[in-house]
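Colleague: One structure, as structure tokens, below. Some questions next.
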Amino acid sequence: MRNQQATRTSKPSRGSGDLRRRLVRHHVPLALASGVVLLLFMTVPRFDASKYTQGNIFTGTFPRA
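First residue of the sequence shown: 372, per this note's numbering; consecutive thereafter.
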């Protein structure tokens, strides 16, 4: 009885179908999301701080109205 329990596995092997399901459910969505984020960061314009004329708080003077 003890030897039979030791040879049993808790999860049977499913073959290549399990690998395909893992690829579709985990790797493909991650690759698509990474591509969208990369595309977003490539198309968004850069922030230009010289367009804003407020005072610089790091030099000690605050902007006044």
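Glycine is no exception: its CB is placed at the ideal position from the N, C-alpha and C atoms. Note that the coordinates shown come from a computational prediction; the quantities given were computed from them, not determined experimentally.
Mind checking which residues open and close the alpha helix (DSSP H) that includes A404?
Modeller: Counting along the chain, the alpha helix (DSSP H) containing A404 begins and ends at 399-414.
Colleague: D389 by DSSP, collapsed to three states: which one?
Modeller: Reduced to three states, the DSSP call for D389 is helix.
Colleague: R396 by DSSP, collapsed to three states: which one?
Modeller: Reduced to three states, the DSSP call for R396 is helix.
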